[in-house]
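Protein chains in written order, with my numbering: chain A, 1 to 111; chain B, 1001 to 1116.
Every residue gets a Cβ at the ideal spot worked out from N, C-alpha and C, and that includes glycine.
Here is the structure we will look at, set down as structure tokens.
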């Protein structure tokens, strides 16, 4: 069974800082990995999708890297803004259909 | 493209009652997924459909749960004889499956179920 761990569980930073969110997973036989953000009481918004053959993906101020063999992914957020405050979820996909989620990192960016 | 929609957004019911949720995927997405999320946890996979066929069910999906996707369009998730432990956010997602490529899953806003 895939176990997903996200570190830190919570993070508070002042606006403008660059930050890194970490995700580790126990089963490296993945097809892909998605990063999501979730605002309180809301659904999930897809941020980035990395296929297993890729090493990184970028979208605006976000960059996600994948080291499949070591079971790690990182999400880098540049120049953080208060609007980035949310829970960030990492989800590797092992089966080609189901995503396996960690508990997420709760991010607060203060003005 | 209006995104994945779910109805109702909130449902409060008494223990023992039956409830049904609906999910409308992004048009032309051939895969549809149901997940369940409890407070402080990440979503957990329940089941998925490719077109109208239900191809996989998690062991979390007890006999009281049933899902359908008639004609490969919208899907319904029914919970019979609800229990307080069923209280959770039920999330639907959809994707377009192309052979050899594992595509992005897009999630709806969820249905929050409270069982009293």
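Check	Outcome
Residue 1073(B), buried or exposed, once every other Cβ within 10 Å from all chains shown has been counted against 16	exposed
Stretch-stretch touch, CB-based, cutoff 8 angstroms, three pairs: the region 1032–1042 of chain B with the region 1080–1095 of chain B	yes
Closer than 7 angstroms at the beta carbon, the chain A residues around residue 1109(B)	42 and 43
Member of 1077(B), 1097(B), 1105(B) and 1076(B) whose CA lies at the smallest distance from the CA of residue 90(A)	1105(B)
C-alpha gap between residue 1054(B) and residue 52(A), whole angstroms	25 angstroms
Amino acids of chain B, ordered along the chain, whose beta-carbon sits closer than 7 angstroms to that of residue 102(A)	1042
Residue-chain proximity (residue 1090(B), chain A), Cβ-Cβ < 8 angstroms	no
Boundaries of the beta strand (DSSP E) in which residue 76(A) is found, first to last residue	72–77
Simplified DSSP state of residue 1071(B), which is helix, strand or coil	helix
Sufficient close CB pairs (3 or more, under 8 angstroms) joining the region 94–103 of chain A to the region 2–9 of chain A	yes
Cβ neighbours of residue 1007(B) in the same chain (closer than 7 angstroms, five flanking residues each side left out)	1022
Distance CB(residue 1068(B))-CB(residue 1076(B)) smaller than 8 angstroms	yes
CA-to-CA distance, residue 1048(B) to residue 1015(B), given in whole angstroms	26 angstroms
Interface partners of residue 46(A) on chain B, CB under 8 angstroms	1104, 1105, 1106 and 1107
Proximal chain E residues relative to residue 1021(B), where beta-carbon distance stays under 9 angstroms	Included in the structure are the protein chains A and B, with no chain E among them.
Closest Cα partner of residue 55(A) within the set 33(A), 99(A) and 45(A)	33(A)
First and last residue of the uninterrupted beta strand (DSSP E) at residue 1027(B)	Unbroken run through residue 1027(B): none, as it is neither H nor E.
Own chain residues within Cβ distance below 6 angstroms of residue 39(A), not counting five before or after	86
Limits of the beta strand (DSSP E) - the one that residue 22(A) falls within	19–25
Three-state secondary structure (DSSP) of residue 1041(B)	coil
Residues sharing a beta bridge with residue 67(A), DSSP	72(A)
Environment of residue 1027(B) [buried if 16+ CB atoms lie within 10 Å]	exposed
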